[in-house]
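For reference, the structure discussed in these notes is given below.
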Amino acid sequence: ATLCPKMLIDEILDRLNKSSKRIRLFPAAAVVYFNITMSLWRDVPVEEVIRILVENINLTNDGKTVVSCPSKSSISEARTNLGAEVMSQLADEVLKPVAPEGFQNAWYKSLRLMAFDGSTFDLPDETGNINFYGYPPASRGGSAFPQARVLSLVETGTHVVTAAEIGPYKRSETEMAGAIIAKGKLSKNMLLMADRGFYGYNLWTKALSSGAQLLWRVKTNLILSENERLPDGSYFSTVYDSRDKSSCVPLKVRVIEYKLNDKTGNETNSVGESFYRLITNIFDYEFAPAAELAVLYHERWKIESLFKEFKIGLCASSTVIRSKTPTLVEQELWGLIILHHALRQLMSQVAWKVNMDPNDISFKGTVNILRRKMPQLAAAVSRRMINWLPLYYKLSVFQNSFVRRRLSGDSPPLSGRFYRR
């Protein structure tokens, strides 16, 4: 509720014309919160998630039923009516970096450490999901489940997702990265790291236009001429668009090359992985020496822990997503991303109070704590509401009887001011 205040949710619902037209058992704002909360219990059916919360709310009223559980069909209908765009716009509003300037492991000097990477999520084997998201290729036979692809822009020091794109399996990560950049999610005080699969002249150009500093790995078969050798061992080079080298604008880059050694000081056994080549638009080698950037690049691998938290920290089941239609799959994934952001933000706030690295706090332990406390929190909030329910009931009875009398002509006309009040 702190990350996603109801006022913001109501504003988005009104903007998209998704607000409930009348008071319902499961209004639109409640559906938004439910989509976020149900990712805490991903091993149980969606209707069981509501039972967990509702039963604890009712306990605060000495076991008397105050709130009823919507049926499975009502939940499905409410989620379908809500659609995915509400959750997408909510994510766009709330997903932001959280680390204060200069905090350990989240910044390099004056630059916030960010990274791009993607992953896939198994989906139910339903016709709609198959047609929209598609199967991944398999060397033998066919894949068991269709998959959705999710690309995330992550603050590496806190594991907080600050932007994301969701699409079919066949949609390329470079295309999705370009969409995130186009939304203006990068800024001048960021250092964006990306693996070798992302580099391309067009995407590099788009990222440069954001004003962010870049540190990307490139493939070893990319030809980079040495234009000027620098004292720290890096050198200046020029990159071109391989598809149209003659008419494209040449771009200056700084190249950093190094090899990885094992604990004995020898090169690692895998020749392909021992040699690294990075390019950056940070040309000041005194501000950012090559050795520091080489060490810094490996902070990018923290993003792999993020996807582990999505798939294992929040759920150990093989089929991660439960929704059976493409719209509800996207809706559930946005709820998962927002929930993870809320958890990581909470963990970071706790860590900073005692001058800890947020990554030293157990994510699984945090999830377990929240699962235990969530019903109590729901009950605590409901205590304030229960005292108002009898009055609300009386007002509803009055409203219904007033409408009946007005329709029958038995009641004198009232002023518009009274009616509004």
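Residues in the sequence shown are numbered consecutively from -12, following the numbering used here. All residues carry an ideal CB built from backbone N, CA and C; glycine is no exception.
Would you report the Cα separation of S229 and P276, rounded to the nearest angstrom?
Stepping through the sequence shown from its first residue, residue 229 is reached at position 242. Stepping through the sequence shown from its first residue, residue 276 is reached at position 289. Our two residues, S229 and P276, have alpha carbons roughly 29 Å apart in a direct line.
Could you tell me whether the Cβ atoms of L178 and Y95 are closer together than 9 Å?
By 1-based counting over the sequence shown, the position of residue 178 is 191. By 1-based counting over the sequence shown, the position of residue 95 is 108. Contact: yes.
In this structure, does DSSP put W28 in helix, strand or coil?
As a first step, residue 28 is located in the sequence shown; it is residue number 41 there, counting from the start. The answer is coil: DSSP assigns W28 none of H, G, I, E or B.
What is the DSSP secondary structure of R407, reduced to helix, strand or coil?
On the sequence shown, residue 407 is found 420 positions in, with the first residue counted as 1. Here the model assigns R407 a pLDDT of 41, short of 50, so the residue's position is not dependable and the matter cannot be decided.
Just confirm the distance between the C-beta atoms of L82 and A93, as a whole number of angstroms; I'd bet it's less than 8 Å.
Here residue 82 refers to the residue found at position 95 of the sequence shown. Here residue 93 refers to the residue found at position 106 of the sequence shown. No, L82 and A93 are not in contact; Cβ-Cβ is about 16 Å, not under 8 Å.
For my contact list, G105 and R66 are in at a C-beta cut-off of 8 Å; report their separation, rounded to the angstrom.
Locating residue 105 in the sequence shown gives position 118, counting from the first residue. Locating residue 66 in the sequence shown gives position 79, counting from the first residue. The Cβ separation is near 25 Å, so there is no contact.
Assuming S180 contacts Y284 (C-beta within less than 8 Å), just tell me the rounded distance between them.
Position 193 of the sequence shown, counted from the first residue, corresponds to residue 180. Position 297 of the sequence shown, counted from the first residue, corresponds to residue 284. For clarity, residue 180 is Met in the given sequence; the question names Ser instead. Right, the Cβ-Cβ distance comes to about 6 Å (below 8 Å), so this counts as a contact.
For L211 and V242, which I take to be in contact (beta-carbon distance under 8 Å), what is that distance rounded to the nearest angstrom?
Looking up residue 211 in the sequence shown gives position 224. Looking up residue 242 in the sequence shown gives position 255. Separation of the CB atoms of L211 and V242 is rounded to 5 Å, and the pair is thereby assigned contact status at 8 Å.
Using the Cα positions of S224 and V341, report the straight-line distance between them to the nearest angstrom.
For the purposes of this step, residue 224 is taken as the residue at position 237 of the sequence shown. For the purposes of this step, residue 341 is taken as the residue at position 354 of the sequence shown. Note on geometry: alpha-carbon atoms of S224 and V341 lie some 45 Å from one another.
M372 versus V85 - alpha carbon distance:
Looking up residue 372 in the sequence shown gives position 385. Looking up residue 85 in the sequence shown gives position 98. Legend: pLDDT at M372 = 48, less than 50; position of this residue unreliable, value from coordinates given subsequently. Distance between the alpha carbons of M372 and V85: 32 Å.
Neighbour-count burial assignment, M74, 16 or more Cβ in a 10 Å radius:
Within the sequence shown, numbered from 1, the residue matching residue 74 stands at position 87. Its Cβ being crowded by 16 or more others within 10 Å, M74 is buried.
In DSSP terms, what V226 is bridged to
The residue you call residue 226 lines up with position 239 of the sequence shown. As computed with DSSP, V226 is found in a beta bridge with L238.
In the DSSP assignment, find the beta strand (DSSP E) that holds D109 and state where it starts and stops.
Residue 109 sits at position 122 when you count from the first residue of the sequence shown. Segment L98 to D109, the beta strand (DSSP E) holding D109.
Residue environment, L0, which counts as buried when at least 16 other CB atoms sit within 10 Å
In the sequence shown, residue 0 corresponds to position 13, counting from 1. L0 is buried by the Cβ-count criterion.
Check whether the Cβ atoms of T24 and L326 sit closer than 9 Å, and answer yes or no.
Here residue 24 refers to the residue found at position 37 when the sequence shown is read from its first residue. Here residue 326 refers to the residue found at position 339 when the sequence shown is read from its first residue. Annotated as proximal: T24 and L326, with beta-carbon spacing under 9 Å.
Under 9 Å between C-beta atoms of V141 and K246:
Here residue 141 refers to the residue found at position 154 when the sequence shown is read from its first residue. Here residue 246 refers to the residue found at position 259 when the sequence shown is read from its first residue. The Cβ-Cβ distance between V141 and K246 does not fall below 9 Å.
If you drop the 5 nearest sequence neighbours on each side, which residues of the same chain put their C-beta closer than 7 Å to that of S292?
Translated into positions along the sequence shown, residue 292 becomes position 305. The answer, listed in chain order, is H146.
Please name the residue or residues paired with K246 in a DSSP beta bridge.
Against the sequence shown, residue 246 aligns to sequence position 259. Beta-bridge partners assigned by DSSP to K246: F262.
Limits of the beta strand (DSSP E) - the one that R136 falls within:
Counting from 1 along the sequence shown, the entry for residue 136 is found at position 149. Residue range Q134 to E142 is occupied by the beta strand (DSSP E) that includes R136.
What does the Cβ neighbour count give for I299, buried or exposed, with the cut at 16 atoms within 10 Å?
The residue labelled residue 299 in the question sits at position 312 within the sequence shown. Exposed, by the Cβ-count rule.
Where does C(-9) sit, in a helix, a strand or coil, going by DSSP?
Along the sequence shown, one-based indexing puts residue -9 at 4. In the structure shown, C(-9) sits in coil (DSSP, three-state: anything other than H, G, I, E or B).
With which residues is G184 paired in a DSSP beta bridge?
As a position in the sequence shown, residue 184 is number 197, starting the count at 1. Partner(s): none; G184 has no beta bridge.
Go to L333, then tell me how far its alpha helix (DSSP H) extends in each direction, as first and last residue.
Here the question's residue 333 lines up with position 346 in the sequence shown. L333 -> alpha helix (DSSP H) spans P313 to K340.
Considering only the alpha carbon of each residue, which of S335, E317, W339 and L69 lies closest to R2?
Along the sequence shown, one-based indexing puts residue 2 at 15. Residue L69 is the option with its Cα nearest to R2.
Can you check whether the CB of L195 is closer than 9 Å to the CB of L238?
Translated into positions along the sequence shown, residue 238 becomes position 251. Translated into positions along the sequence shown, residue 195 becomes position 208. Yes, the Cβ-Cβ distance between L238 and L195 is below 9 Å.
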